[in-house]
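In the working numbering, the protein residues as written are 224 to 280.
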């Protein structure tokens, strides 16, 4: 997968999670949105770690 596609996916997940966290009144829904935010951040970490390891080789 190309780097740009993965970054767009993670930004999309982060944005949906942030919007849901701001507008949510239900605690369960807020926790689910927080998980979306964390998944977006984790995708970024894995992507940049993979990119850095490929550049070092």
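Just so you know, even glycine gets a beta-carbon here, dropped at the ideal spot from N, CA and C.
So residue i and residue j are in contact, right, with Cβ under 8 Å, and what is the actual spacing, rounded?
i: residue 239; j: residue 226; result: Not really, about 21 Å apart at Cβ, beyond 8 Å.
Can you check which of these residues, the options, is closest to residue i by C-alpha distance?
i: residue 256; options: 229, 230, 237; result: 237
i: residue 232; options: 243, 275, 277, 265; result: 265
i: residue 234; options: 277, 267, 276; result: 267
When you compare only the Cα positions, how much space is there between residue i and residue j?
i: residue 273; j: residue 229; result: 12 Å
i: residue 248; j: residue 261; result: 19 Å
Short of 8 Å in beta carbon distance, which residues of its chain neighbour residue i, apart from the five on each side in sequence? Order them along the chain.
i: residue 252; result: 243
i: residue 270; result: 226, 229, 230, 233
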